[in-house]
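Participant: What the sequence shown shows, in the working numbering, is residues 30 to 605, in sequence order. Heads up, the beta-carbon is just placed ideally off N, CA and C, and yes, glycines get one too. This is the structure, below, for whatever I ask next.
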Amino acid sequence: MRKCLKKVGAAMLAMTMVLSLGMTGTAVEEELTQTKTERTGTPNASDTATITVKNVEAGLTVTGYQVIDADYNNGFTGYHVVDGVSINDMEAPSAGEILAIAAGINNGTITGLESEQLTDQGNGVYSADVTVGSWVVIVTAGEDKSAVNVYNPMLLSARYIVNGSNGTTAGGIVDATGNYTIGADEAYAKRTNGPSVSKEITGSGSGRPNGDDVAIGTRVSFKVTTTIPNYAVGETTQYKNLSVRIQDTLKGLSLDAQTLNVKVGTDEWQATEIGNKGSVNTSEHSFSLTLTDRDYILAHTGDTVEITYDAVVGEDAGVNFDANTNSVSYTYTTDPTTGSDYTTAEENTYHYTFGLDAELNGEGSQIPSQEIVKTGEVRNEAGEIEYKPLGGAGFTLYDASGAAVTTGYGMEERDDGQGGKVKEKVAVTDGEYTTDSEGHLTILGLDAGTYTLKETTAPAGYSLNETVYTILITPSYNTDGTLAQYVVTITNDKTDDTVTITNAATAYQLESQDTTRKVPVSVTTDSTGGQEIRNTKLSALPSTGGIGTYLFTMVGAVIMAAAVGIFFLKRRRDRE
30 MRKCLKKVGA AMLAMTMVLS LGMTGTAVEE ELTQTKTERT GTPNASDTAT ITVKNVEAGL
90 TVTGYQVIDA DYNNGFTGYH VVDGVSINDM EAPSAGEILA IAAGINNGTI TGLESEQLTD
150 QGNGVYSADV TVGSWVVIVT AGEDKSAVNV YNPMLLSARY IVNGSNGTTA GGIVDATGNY
210 TIGADEAYAK RTNGPSVSKE ITGSGSGRPN GDDVAIGTRV SFKVTTTIPN YAVGETTQYK
270 NLSVRIQDTL KGLSLDAQTL NVKVGTDEWQ ATEIGNKGSV NTSEHSFSLT LTDRDYILAH
330 TGDTVEITYD AVVGEDAGVN FDANTNSVSY TYTTDPTTGS DYTTAEENTY HYTFGLDAEL
390 NGEGSQIPSQ EIVKTGEVRN EAGEIEYKPL GGAGFTLYDA SGAAVTTGYG MEERDDGQGG
450 KVKEKVAVTD GEYTTDSEGH LTILGLDAGT YTLKETTAPA GYSLNETVYT ILITPSYNTD
510 GTLAQYVVTI TNDKTDDTVT ITNAATAYQL ESQDTTRKVP VSVTTDSTGG QEIRNTKLSA
570 LPSTGGIGTY LFTMVGAVIM AAAVGIFFLK RRRDRE
């Protein structure tokens, strides 16, 4: 009888070992805790072990729900699936079963499960002491923090390390950066690092994808790239609501909405064809594309998203160091219970237009660049010739092809009604730009490159200056695409004299805490007046009927009178 009982006990012990060790067959735990909970008594329902999840962001809520429980009858006898949960093979729960359980917990169709909240231990580690069995772990937003990464459900087990009647337990450790596996097959990623978003200028003239120089009226092209998060895909998903949204904002450029094209994986379509997949909203300076069809998102989980479009540089574009900052951000669902989401930091590109005799840091900065000064000849009280600022001179600017620049803007002066002058930006469609009363020739909205400047209209009373000036604008950029400096070189074609003006930004900072737009802390210029272009008064030259004719007439009359006098004087002497 005693031998028989020993055989039965041995058989039960073997079965217990199979059942307990069978829990490792899910292959979802990379390792067991190194510190086991040693117990010398008979296993019982109060036994616990520590389960641990690694590489989870701080401040989130990590909760375990028991889906497989231990059986006891004067000791541990096996496992059973808890009520309300469907698992066909306790030794190897399928990915679909885990996802279905998580979905049921999140949507409220599975209730009454034992739950334990894992405690944040620091350094990305969360742990809790739980009773023996298997636990589905779900990561959701914290009290004051949304997740950056996407966390799919994970499975951990607390189990017995069978050694006779020993009740020693060990808990599973799972690394959230790994993949959920069934045997040797990967089912889905346990954690997807938060997808990033990038924006680049395609066909950039500067050769940089994040910073370029353009003229007003130029059409520029962009590409936005991101990915659909790796949401776990199964017959049932844990996410009640899913959405991803790309928000793009343009400063100084106008969106051409007809060029907005979207490609998700291999599925390509015009934004106007979005249909039930979501929605697209456009305005002159922005667009947002939102995908809300859960089935479409899950069908493209992990796929690359590319959005391409064109925009045109407008008349309101910033000038010189006033960057036309174009920003994109990406928002995606991270919390399976509430549908809460996370928005990435903005990714920026920068476009610059340049101006001659314009404010260095854009309109209102009160720091003039002073590349060109127009002066006219005047005589002071001592009769000496001086050159003073001269307004009303017309200049035509030609591009490298020899065509007049008719897309730029100038500054027009008018009376302010109080005895002063105010300046207004005006389009110069005929290509002739006019100096103001201070002699400044303001030309706005230029691309970098080579230009030719000629005076084509002289102010009344002045001669035309026929000198041709070659102007070269050369920018250089920081690695983030912001403008580091630009150099204006002006060369006189008659003397080959050159004036070089370097304008530089000392450093950049955020415009405010709420945006990533970068503006120069300060700008400097080594301009001391720039290129002076002089006009000579017409009155300084002889002309028919002018003072030159009178002078010659008077001199001739004097000479003739002297000759007559000498003639008569000589005749008198001859008689004598």
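Tell me the rounded alpha-carbon separation between residue 4 and residue 287.
Facilitator: Outside the modelled stretch of the chain, which goes from 30 to 605, sits residue 4, for which no answer is possible.
Participant: CB-CB under 6 Å to residue 254, same chain, minus the five flanking residues each way: which ones, in chain order?
Facilitator: Taking the sequence shown and counting its residues from 1, one reaches residue 254 at position 225. For residue 254, where only same-chain residues beyond five positions count, the Cβ hits under 6 Å are 227, 335.
Participant: List the whole-angstrom C-beta distance separating residue 240 from residue 379, where the pair is believed to meet the contact cut-off of C-beta under 8 Å.
Facilitator: As a working note, residue 240 is residue 211 in the sequence shown. As a working note, residue 379 is residue 350 in the sequence shown. So it is a contact: roughly 5 Å between Cβ atoms.
Participant: Tell me, please, whether the stretch 314-330 touches the stretch 269-283 by the rule of three or more beta-carbon pairs shorter than 8 Å.
Facilitator: Counting Cβ pairs under 8 Å, three or more are found: they touch.
Participant: Within 10 angstroms of its Cβ, does residue 146 collect 16 or more other Cβ (buried), or is it exposed?
Facilitator: As a position in the sequence shown, residue 146 is number 117, starting the count at 1. When all chains shown are included, residue 146 counts as exposed.
Participant: Taking the alpha carbon of residue 202 as the point to measure from, which residue in 490, 164, 474 has its own alpha carbon closest?
Facilitator: As a first step, residue 202 must be located in the sequence shown, where it is residue number 173. Checking every option, the nearest Cα to that of residue 202 belongs to 164.
Participant: Of the residues 383, 462, 127, 371, which one's Cα is nearest the Cα of residue 275?
Facilitator: Here residue 275 corresponds to residue number 246 of the sequence shown, with the count starting at 1. Considering only alpha carbons, the answer is 371.
Participant: Thinking just about the alpha-carbon of each residue, which of 87, 244, 187 is nearest to the one in residue 435?
Facilitator: In the sequence shown, counting from the first residue as 1, residue 435 sits at position 406. Of the listed residues, the one whose Cα sits closest to residue 435 is 244.
Participant: Considering only C-alpha positions, which residue in the set 204, 307, 116 is nearest to residue 97?
Facilitator: Along the sequence shown, read from residue 1 onward, the residue named residue 97 stands at position 68. Measuring from the Cα of residue 97, the nearest candidate turns out to be 116.
Participant: Under three-state DSSP, which class holds residue 185?
Facilitator: Working through the sequence shown from its first residue, we reach residue 185 at position 156. Strand.
Participant: Can you have a look at residue 188 and say buried or exposed, based on whether 16 or more other CB atoms are within 10 angstroms of its CB?
Facilitator: Against the sequence shown, residue 188 aligns to sequence position 159. Its Cβ being crowded by 16 or more others within 10 Å, residue 188 is buried.
Participant: Is residue 329 buried or exposed, if buried means 16 or more other CB atoms sit within 10 Å of its CB?
Facilitator: Residue 329 sits at position 300 when you count from the first residue of the sequence shown. The residue is buried, with at least 16 neighbouring Cβ atoms inside 10 Å.
Participant: On the DSSP letters alone, give me the boundaries of the alpha helix (DSSP H) that residue 128 sits inside.
Facilitator: Mapped onto the sequence shown, residue 128 falls at position 99. Residues 124-136.
Participant: Which same chain residues, not among the five before or five after residue 373, have their C-beta less than 6 Å away from its C-beta?
Facilitator: Your numbering for residue 373 matches position 344 in the sequence shown. These residues qualify, in order along the chain: 226, 358, 359.
Participant: Give me the Cβ distance between residue 534 and residue 350, rounded to the nearest whole Å; I'm assuming they're in contact under 8 Å.
Facilitator: As a position in the sequence shown, residue 534 is number 505, starting the count at 1. As a position in the sequence shown, residue 350 is number 321, starting the count at 1. Right, the Cβ-Cβ distance comes to about 5 Å (below 8 Å), so this counts as a contact.
Participant: How about residue 144 and residue 108: do their beta carbons lie closer than 7 Å?
Facilitator: One-based indexing of the sequence shown puts residue 144 at position 115. One-based indexing of the sequence shown puts residue 108 at position 79. Their beta carbons are not under 7 Å apart, which means residue 144 does not touch residue 108 by this criterion.
Participant: Does the beta-carbon of residue 348 have 16 or more other beta-carbons within 10 angstroms, so that it is buried, or is it exposed?
Facilitator: Taking the first residue of the sequence shown as 1, we reach residue 348 at position 319. So residue 348 counts as buried.
Participant: If I follow the unbroken alpha helix (DSSP H) through residue 327, where does it start and stop?
Facilitator: To locate residue 327, count along the sequence shown from 1; it is residue 298. Element bounds for residue 327: 323-328.
Participant: Where do the ends of the beta strand (DSSP E) carrying residue 561 lie?
Facilitator: Taking the sequence shown and counting its residues from 1, one reaches residue 561 at position 532. That run of the beta strand (DSSP E) goes 560-564.
Participant: Using a Cβ-Cβ cutoff of less than 6 Å, which residues in the same chain neighbour residue 200 once the five nearest sequence positions on both sides are dropped?
Facilitator: Here residue 200 corresponds to residue number 171 of the sequence shown, with the count starting at 1. Taken in chain order, the residues that qualify are 62, 78, 79, 80, 187.
Participant: Could you tell me which residues DSSP puts in a beta bridge with residue 317?
Facilitator: Translated into the one-based positions of the sequence shown, residue 317 becomes position 288. Its beta-bridge partners are 276, 310.
Participant: Just how far apart, CA to CA, sit residue 369 and residue 169?
Facilitator: Counting from one through the sequence shown, the residue named residue 369 turns up at place 340. Counting from one through the sequence shown, the residue named residue 169 turns up at place 140. Near 9 Å, if we compare the C-alpha coordinates of residue 169 and residue 369.
Participant: What is the DSSP secondary structure of residue 222, counted as helix, strand or coil?
Facilitator: If you number the sequence shown from 1, residue 222 lands on position 193. In this structure, residue 222 counts as coil in the three-state DSSP scheme.
Participant: Secondary structure at residue 205, three-state DSSP: helix, strand or coil?
Facilitator: Start at 1 with the first residue of the sequence shown, and residue 205 comes out as number 176. If DSSP states are grouped into helix, strand and coil, residue 205 belongs with coil.
Participant: Per DSSP, which one or two residues make a beta bridge with residue 439?
Facilitator: Within the sequence shown, residue 439 is the residue found at index 410, counting from 1. In the DSSP output, where bridge partners are listed per residue, residue 439 has 455.
Participant: Bridge partners of residue 228, per DSSP?
Facilitator: As a working mapping, residue 228 is identified with position 199 in the sequence shown. Residue 228 is bridged to 253.
Participant: Apart from the five residues just before and just after residue 578, which ones in its own chain have a Cβ nearer than 7 Å to its Cβ?
Facilitator: Locating residue 578 in the sequence shown gives position 549, counting from the first residue. Low local confidence applies: a pLDDT of 47 at residue 578 is under 50, so the model's placement there is unreliable, with the coordinate-based value given in what follows. Excluding positions up to five away in sequence, the list is empty.
Participant: Suppose you measure from the CA of residue 563 to the CA of residue 242; what does that come to, to the nearest Å?
Facilitator: Numbered from 1 along the sequence shown, position 534 holds the residue referred to as residue 563. Numbered from 1 along the sequence shown, position 213 holds the residue referred to as residue 242. Approximately 31 Å between the Cα atoms of the pair.
Participant: Determine the DSSP secondary structure at residue 301, reduced to helix, strand or coil.
Facilitator: For the purposes of this step, residue 301 is taken as residue 272 along the sequence shown, with counting starting at 1. Helix, per DSSP.
Participant: For residue 259, collect the residues of the same chain with a Cβ closer than 6 Å to its Cβ; drop the 5 residues on either side in sequence, then sort them by chain order.
Facilitator: The residue labelled residue 259 in the question sits at position 230 within the sequence shown. Around residue 259: 218, 221, 330, 331.
Participant: On a CA-only basis, which of 298, 404, 327, 289 is nearest residue 313? Give me that one, please.
Facilitator: Here the question's residue 313 lines up with position 284 in the sequence shown. Of the listed residues, the one whose Cα sits closest to residue 313 is 289.
Participant: Grab me the residues of residue 294's own chain with a C-beta within less than 6 Å of its C-beta, minus the 5 sequence neighbours each way, in chain order.
Facilitator: As a working mapping, residue 294 is identified with position 265 in the sequence shown. Closer than 6 Å at Cβ, skipping near neighbours: 329, 332.
Participant: Please classify residue 567: does DSSP put it in a helix, a strand, or coil?
Facilitator: Your numbering for residue 567 matches position 538 in the sequence shown. Here residue 567 sits in helix by DSSP.
Participant: Can you confirm whether the stretch 429-443 touches the stretch 523-538 when touching is taken to mean that 3 or more C-beta pairs between the two stretches lie within less than 8 Å?
Facilitator: They do not touch, by the three-pair rule.
Participant: Taking three-plus beta-carbon pairs below 8 Å as touching, is the stretch 228-236 in contact with the stretch 419-431?
Facilitator: Not touching, per the Cβ criterion.
Participant: From 518, 548, 345, pick the residue whose C-alpha is nearest to that of residue 503; which is it?
Facilitator: Position 474 of the sequence shown holds residue 503. Taking only the C-alpha atoms, the option nearest residue 503 is 518.
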